[in-house]
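These protein sequence lines map, in sequence, to chains A and B.
Residues 1 to 410 (this note's numbering) make up the first sequence, in order.
Residues 411 to 820 (this note's numbering) make up the second sequence, in order.
2 protein chains.
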Amino acid sequence: MPTPTEAPDSRTGRRRFLRFGAALSGALTACKTTNTAPAEPAETSSLGKPLTAYGERSPFEKPERLVVSGKNPEIGATRTPLQNSYGIITPSSLHFERHHSGVPQIDPAAHRLLIHGMVERPLIFTMDDILRLPSVSRIHFIECAGNSGSEWGPKTAPDVQRAHGLASCSEWTGVPLPILLAEAGVKPGASWLIAEGADACHMSRSVPLKRVADDVLVAYGQNGEAIRPSQGYPLRLVIPGFEGNTNVKWLRRIKVVGEPVMTKDETSKYTDLMADGTARQFTFEMEGKSVITFPSGGQKLAGAGLYEIAGLAWSGRGRIERVEISTDDGKTWQNAKLDEPRLRMAFTRFRLPWKWDGQPSSLQSRSTDETGYVQPAREALVAVRGMNSGFHNNCITIWKVSADGGVTNV
Amino acid sequence: MPTPTEAPDSRTGRRRFLRFGAALSGALTACKTTNTAPAEPAETSSLGKPLTAYGERSPFEKPERLVVSGKNPEIGATRTPLQNSYGIITPSSLHFERHHSGVPQIDPAAHRLLIHGMVERPLIFTMDDILRLPSVSRIHFIECAGNSGSEWGPKTAPDVQRAHGLASCSEWTGVPLPILLAEAGVKPGASWLIAEGADACHMSRSVPLKRVADDVLVAYGQNGEAIRPSQGYPLRLVIPGFEGNTNVKWLRRIKVVGEPVMTKDETSKYTDLMADGTARQFTFEMEGKSVITFPSGGQKLAGAGLYEIAGLAWSGRGRIERVEISTDDGKTWQNAKLDEPRLRMAFTRFRLPWKWDGQPSSLQSRSTDETGYVQPAREALVAVRGMNSGFHNNCITIWKVSADGGVTNV
Chain A
1 MPTPTEAPDS RTGRRRFLRF GAALSGALTA CKTTNTAPAE PAETSSLGKP LTAYGERSPF
61 EKPERLVVSG KNPEIGATRT PLQNSYGIIT PSSLHFERHH SGVPQIDPAA HRLLIHGMVE
121 RPLIFTMDDI LRLPSVSRIH FIECAGNSGS EWGPKTAPDV QRAHGLASCS EWTGVPLPIL
181 LAEAGVKPGA SWLIAEGADA CHMSRSVPLK RVADDVLVAY GQNGEAIRPS QGYPLRLVIP
241 GFEGNTNVKW LRRIKVVGEP VMTKDETSKY TDLMADGTAR QFTFEMEGKS VITFPSGGQK
301 LAGAGLYEIA GLAWSGRGRI ERVEISTDDG KTWQNAKLDE PRLRMAFTRF RLPWKWDGQP
361 SSLQSRSTDE TGYVQPAREA LVAVRGMNSG FHNNCITIWK VSADGGVTNV
Chain B
411 MPTPTEAPDS RTGRRRFLRF GAALSGALTA CKTTNTAPAE PAETSSLGKP LTAYGERSPF
471 EKPERLVVSG KNPEIGATRT PLQNSYGIIT PSSLHFERHH SGVPQIDPAA HRLLIHGMVE
531 RPLIFTMDDI LRLPSVSRIH FIECAGNSGS EWGPKTAPDV QRAHGLASCS EWTGVPLPIL
591 LAEAGVKPGA SWLIAEGADA CHMSRSVPLK RVADDVLVAY GQNGEAIRPS QGYPLRLVIP
651 GFEGNTNVKW LRRIKVVGEP VMTKDETSKY TDLMADGTAR QFTFEMEGKS VITFPSGGQK
711 LAGAGLYEIA GLAWSGRGRI ERVEISTDDG KTWQNAKLDE PRLRMAFTRF RLPWKWDGQP
771 SSLQSRSTDE TGYVQPAREA LVAVRGMNSG FHNNCITIWK VSADGGVTNV
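If you want it as structure tokens, here you go:
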């Protein structure tokens, strides 16, 4: 067992724990610690709560999704409280939602998946059929194409949940779609598929067949249990790295076709209007991105001293290779430490100790993915994309820390 | 993007999806599929349920922990329904419990962690202190030393939840313990620590300092949110690979000492009585193990045809390198496919397609970890350990499949 923080002292033979570093020593001075023998923490002498069949979180824990709907409470989105997130897994209860006609309540015994169109053998699968097929589990983020739309400005969102909370990350389990397509037998000339949900609006997206690799799942599991209703129970298409709504929830139908279908969901929405008045369509891949979740907008630092800057980075094109952090308005950048494992099309948690001197500061992070793509500054993004877009904003977020410790979005 | 299941056909230029294999073709014949154009699955035309701030699982999903307590409902254990698990993450609501005096309800604002004993500077940390320190997130299993105790026999448990459900796997986030010890300054001669919980019974375990590497965490996060009360809210010691109760919940105190303390929790319990009447003590590491979760005891196969055998493997000594499966009473063994990433001291999901011919069969799995340790058959375990032990049973489980598809524990 390697113990890198521990080294024998050859003079005394005693174990010597190496200090984390000068920065941390400073931090702990800032912490409320004591050099005198302290009183013991409070303790209890009465029995606690009983065992339970299905656990709940502590009543002291309040993080919630932020609900943003129109006049119908079934239609809209909820945003993940990334400011309260730890690690890379999003609790299923806090995974963002985006629904166009509410969450259908589906009895899995009655649910069917139809594969038809340009295939040799149209097939219908029950959930029991699906569950006995070869499956795989993988950790992937899903991000709505509209995430960070507020950051086009002019008025940016005040906190990380409002700005970037349409992204979450889960362990998905399901059957690789190529297995199902192979059984159906794709006919010559086929080049796209349409995936359709069982919600009332029949949310549908066209997806190029060339993207249907083994990592595209007809998924039934999320974070170790059945997919939650608001994430597609009992069946969801998971296309790692592709914009959220191509990951069709409540999946009921896959039709193999020869060209994209131009559904309402890919013409009235999810296109990117450029400065010259033309629109990009089928911009499926979510570009490389990162955001600092602590300290972030709306939070308040307790005072000067050491903190750990933490955040999340992800890319629809693969693995995150590097995240740099600047604490001085972009003048200098340091590599953050990346938690392992760094997985393709998954959140990667980054961290950097930071000793705040109590002066006004700005914090920003910049990701680089395995293709070499570097997350752009807002000006660079606008130079390419103009100001007409709502979707696919992946620019750098800058959090301003005031002298009083308050954090705001620049 | 690699598309290994897809290959151009040089004769026709069409895309050709390669079939998964002969075994699967057999399976899908067994599935209720059709060669004629099928009717479309049922659909809805009414709005579904509204957006919600904190999601719940489907009302059709019933997996629960199995509660096993004595006369006090606060004291006992609950077991994870591994037969219903997908992937490697255990939902926090279904993570096993083992409590000696119930679940204390702790206000994190009032909680403190004391580090004292043979240290230069006794320290008390608030939760705010802890949360600003450098942290890391890692996926690790925790397994009760008493897991699989039923498998010593003579009457083995009927299903995988009862037999092996005292093991679960989460993403844990926390501060590496060496950072805290370095700040306190460990004195010469120190070689152990005692970790104590804030439950009424002050559950305490002695842990050798030589095990306190950077992967030992003072953890506050589990699966992306705060640790659940039944897993130690707000603070838990996580010692990857060590038996469950050394991962002290509701952690309130770490005392650095010169020898093990022989607490009630390590003398009256958690020792292994050998055949010669002596007892092994401080057998911390959970040995390499695996179990098939589907098909497993109490389940019933629908009939002959293809199924995916799936299961979980783990080792307290590192990574799982191999899982072999036998479907013929141990006469022949095949390597199972292991889901990636395979992480140290974490669940690894294994899978193998299996075409059941409808005849009585026996299914068993055998893990090998990165140290080369091979999971033993029951006879081999008994030969070394005798029959007096309750703890640390990691022998191979054999599921018998009857001609009617019923599955039982041999």
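Virtual Cβ for every residue (Gly too), placed ideally from N, Cα, C.
Quantities reported herein were computed from a predicted structural model and do not represent experimental measurements.
| query | result |
| --- | --- |
| Residues bridged to Phe760 of chain B [DSSP beta-bridge criterion] | B:Gly721, B:Leu748 |
| Within 8 Å of chain B by C-beta, residues of the segment 122-147 of chain A in sequence order | Pro122, Leu123, Ile124, Phe125, Thr126, Asp128, Asp129, Arg132, Leu133, Pro134, Ser135, Val136, Ser137, Arg138 |
| Cβ-based contacts, 7 Å cut-off: residues of the segment 329-358 of chain A near chain B | Asp339, Pro341, Leu343, Arg349, Arg351, Pro353 |
| Delimiting residues of the alpha helix (DSSP H) encompassing Lys459 of chain B | It is not in any alpha helix (DSSP H) - Lys459 of chain B carries neither H nor E in the DSSP assignment. |
| Residues of its chain near Phe704 of chain B, where Cβ-Cβ distance is below 6 Å and the 5 sequence neighbours each way are ignored | Ala720 |
| 4 or more residues per run - each alpha helix (DSSP H) lying fully within the segment 596-679 of chain B | 674-677 |
| Straight-line gap, Gly405 of chain A to Gly174 of chain A (C-alpha atoms, nearest Å) | 45 Å |
| Residues of its chain near Arg344 of chain A, where Cβ-Cβ distance is below 6 Å and the 5 sequence neighbours each way are ignored | Gly318, Arg319 |
| Cβ-based burial, Gln493 of chain B [other Cβ within 10 Å; buried from 16] | buried |
| Exposure label - Gly698 of chain B; buried when at least 16 CB within 10 Å | buried |
| Chain B contacts from the segment 78-103 of chain A (Cβ-Cβ distance under 8 Å) | Thr78, Asn84, Ser85, Tyr86, Gly87, Ile88, Ile89, Thr90, Pro91, Ser92, Ser93, Leu94, His95, Glu97, His99, Ser101, Gly102, Val103 |
| First and last residue of the uninterrupted beta strand (DSSP E) at Ile320 of chain A | 320-326 |
| Proximity winner among A:Arg121, A:Lys49, A:Pro353, A:Ile227, relative to Ile106 of chain A (alpha-carbon distances) | A:Ile227 |
| Chain-ordered chain B contacts of Ala53 of chain A [CB-CB under 8 Å] | Glu474, Arg475, Leu476, Val477, Thr488 |
| Uninterrupted beta strand (DSSP E) stretches inside the segment 136-190 of chain A (no shorter than 3 residues) | 136-143, 167-176 |
| Under the three-state DSSP convention, the category Asn798 of chain B falls into | coil |
| Closest by C-alpha distance to Trp743 of chain B, when choosing among B:Ala756, B:Asn655, B:Arg542, B:Trp764 | B:Trp764 |
| Within 7 Å of chain A by C-beta, residues of the segment 779-808 of chain B in sequence order | none |
| Leu47 of chain A vs Gly512 of chain B beta-carbon contact at 8 Å | yes |
| Neighbour flag for Pro260 of chain A against chain B, beta carbons, 8 Å | no |
| Limits of the alpha helix (DSSP H) - the one that Leu94 of chain A falls within | No alpha helix (DSSP H) holds Leu94 of chain A; DSSP gives it neither H nor E. |
| Gln774 of chain B, DSSP secondary structure in three states | strand |
| Neighbour flag for Glu321 of chain A against chain B, beta carbons, 8 Å | no |
| is_contact[Gln161 of chain A, chain B] using C-beta, thresh 8 Å | no |
| Per-residue DSSP class, three states only, for Asn84 of chain A | helix |
| Pairwise C-alpha distance: Val382 of chain A and His392 of chain A | 11 Å |
| Buried versus exposed call for Cys805 of chain B [16 or more other C-beta atoms within 10 Å across all chains shown] | buried |
| Enclosing beta strand (DSSP E) for Ile130 of chain A [first to last residue] | Not the beta strand (DSSP E): Ile130 of chain A falls in the alpha helix (DSSP H), residues 127-131. |
| Glu789 of chain B burial status per 10 Å Cβ neighbour count (16 or more: buried) | exposed |
| Leu343 of chain A (DSSP reduced to helix, strand or coil) | coil |
| Where the beta strand (DSSP E) containing Leu711 of chain B begins and where it ends | Here Leu711 of chain B belongs to no beta strand (DSSP E), and DSSP marks it neither H nor E. |
| Proximal residues to Ser135 of chain A (C-beta, below 7 Å), its chain only, five neighbours per side dropped | Thr173, Gly174, Val175 |
| According to DSSP, residues forming a beta bridge with Ser290 of chain A | A:Ala313 |
| Residue span of the beta strand (DSSP E) that contains Ile75 of chain A, given as start and end | Premise fails: Ile75 of chain A is in no beta strand (DSSP E) and is neither H nor E. |
| Status (buried if at least 16 other CB within 10 Å, exposed otherwise) for Arg690 of chain B | exposed |
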